[in-house]
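Engineer: This is the structure I have questions about; it appears just below.
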Amino acid sequence: MFANRAVFSLAGAKFLIAAAFLFAGVQASSADAGFQRWIAQFRGVAIENGISASIYDRAFRGVTEPDPEVLRKANFQPEFRNEPWEYFDNRVNEHTIATGRQMARQWKPWLDRIESHFGVSRYVLLAIWSMETSYGSALANERMLHNLPRALATLAYADNRRAKFARTQLIAALKILQNGDITERHLSGSWAGAMGHTQFIPTSYQAYAVDMDGDGRRDVWNSVPDALASAANLLRKNGWRSGETWGYEVVLPEGRKFPGGSMSLSRWAEIGVVRANGKAFPAASRNAELKVPDGRAGPAFLMTKNFFVLKRYNNADTYALAVGLLADQIAGYGGLVRDWNRPFQRLSFDEARELQKRLGTLGYYEGEIDGKIGQASREAIRAFQSRMGLTQDGHPSKEVLNVLRGG
Ligand SMILES: [Ca+2]
């Protein structure tokens with residue numbers, strides 16, 4: 009009872025915060041004059057940084073007010089931290105694996121060339137493509153595509169925390185336009201400035217984008233070969249080791265503590281850390297670091313150099329591990345030997361979609377039927393559980409689906 013009250017008042021506080029953000033958003037989008045002044049002032053900064061006045065004016069032609077959707081997304085606060093099982097289930101599942109294999113066949117000639125030129129595994133590139141834009145399918149969703157100069161100007165103007173980042177990215181974006189890689193009408197990105205199939209921010213684009221298909225433009229928005237080659241180039245330039253894995257799932261012997269930091273795989277084996285599949289470590293002289301993203305009750309990993317190279321793409325252990333696990337499964341290796349520490353029975357991808365569909369039919373869920381369990385799905389499950397007098401854990405479980413199926 010007491011716990012319930014605490015949750016309730018927390019929800020109330022969140023509502024007030026959400027209302028405050030909404031108010032800020034309304035203020036910002038009606039303050040056109042201020043935003044237009046900002047664009048006029050930043051013109052001088054852009055010119056000082058080598059952008060021609062005509063490119064600047066073309067980029068901002070017709071832009072009169074901040075992008076309210078950018079501000080909404082910038083102010084979004086996830087209600088709960090993702091549990092590891094939730095993060096990985098949404099990214100490494102039957103659907104992302106099967107689509108990755110299909111893409112491997114479809115793009116084989118290009119993947120052959122990219123892999124031999126950059127020395128980066130095609131499966132890793134496919135996994136990154138999946139993680140970033142669901143193999144490009146997210147780019148078909150117009151809500152994901154913002155006019156990039158407007159989005160970055162919005163952040164620079166109205167988001168104090170990201171203003172410096174946004175100014176730097178805006179200059180880089182204008183240089184992309186000036187270079188003729190893309191026209192201003194097609195220069196799109198996420199609310200935070202990530203562009204194209206593999207979601208490069210403009211400064212990363214400048215450092216790593218390549219023209220793989222040879223049409224004279226580095227087109228990460230429309231050319232899959234350009235986008236995948238650019239991702240390969242980023243990894244190679246950050247030290248990717250050709251022909252090596254990202255790491256190994258391991259089993260930890262019970263009842264001892266383990267050293268932090270890096271040691272050789274043979275040294276790890278000496279203190280009892282062995283591969284979960286029972287095989288020996290190849291290249292045992294290489295160094296590796298132990299990671300237990302779900303605590304001792306979940307799977308454990310020894311991470312080698314390429315894991316840390318993957319983190320140059322996105323500096324989160326969970327991101328790099330999801331890329332590695334998905335890549336391995338697209339390549340046809342098995343999944344985890346030890347599952348995530350999941351307090352319920354997992355749904356398949358199709359069952360997760362069925363769950364969303366059934367919750368939608370009953371009026372609990374209005375989001376997309378995409379098999380991805382996010383905040384809206386969790387809230388719908390919780391509302392349904394509450395209605396049925398069940399424990400409101402919000403988990404996408406077999407148990408909940410069975411109740412739904414039972415009507
Ligand atoms: Ca090209």
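Going by our numbering, the final residue of the sequence shown carries number 415, and the count climbs one at a time with no gaps.
For each residue, glycine too, the CB sits at the ideal point set by N, CA and C.
1. In angstroms with no decimal places, state the Cα-to-Cα distance between S394 and R99.
2. Is R225 near ligand 1, in the sense that its beta carbon is under 8 Å from a heavy atom of that ligand?
3. E257 by DSSP, collapsed to three states: which one?
4. Does the count of Cβ pairs from the region 159-171 and the region 356-374 closer than 8 Å reach three?
5. Can L334 and A202 be called in contact, C-beta distance under 9 Å?
6. Report the residue ranges of all beta strand (DSSP E) runs contained in full by the region 202-268; include only those spanning at least 3 residues, in chain order.
7. Would the region 335-351 and the region 303-313 be scored as touching if the rule is three or more Cβ pairs under 8 Å?
8. Below 8 Å on the Cβ atoms is my contact criterion, and I expect A235 with W199 to pass it. Report the Cβ-Cβ distance as a whole number of Å.
9. Roughly how many angstroms separate the alpha carbons of R3 and L398, rounded to a whole number?
10. Give me whichever residues DSSP pairs with M296 in a beta bridge.
11. Excluding the five sequence neighbours on either side, which residues of its own chain have a C-beta within less than 8 Å of the C-beta of V331, listed in chain order?
12. Using DSSP bridges, identify the partner residues of H154.
13. Going straight from the alpha carbon of L409 to that of E387, what length do you get?
14. Classify D336: buried if its beta carbon has 16 or more other beta carbons within 10 angstroms, exposed otherwise.
15. Return the chain-ordered list of same chain residues with a C-beta closer than 6 Å to the C-beta of R350, the five sequence neighbours on each side being excluded.
16. What are the boundary residues of the alpha helix (DSSP H) that includes M111?
17. Mapping DSSP to helix, strand and coil, what is M139?
18. Using the DSSP secondary-structure output, state which residues sit across from S405 in a beta bridge.
19. May I ask you to check if the CB of M311 is nearer than 8 Å to at least one heavy atom of ligand 1?
20. If I measure Cβ to Cβ from Q400 and keep anything under 7 Å in the same chain, skipping five residues before and after, which residues do I get?
Structural biologist: Working from what's here:
1. 28 Å
2. yes
3. strand
4. no
5. no
6. 255-259
7. yes
8. Not really, about 19 Å apart at Cβ, beyond 8 Å.
9. Residue 3 is absent from the structure shown; the chain starts at 9 and stops at 415.
10. Note that residue 296 is Ala in the sequence shown here, rather than Met. Answer is M271.
11. V132, A135, I136, M139, W254, L318 and Y321
12. G197
13. 15 Å
14. buried
15. W93
16. E102 to Q114
17. helix
18. R354
19. no
20. R390, Q393 and S394
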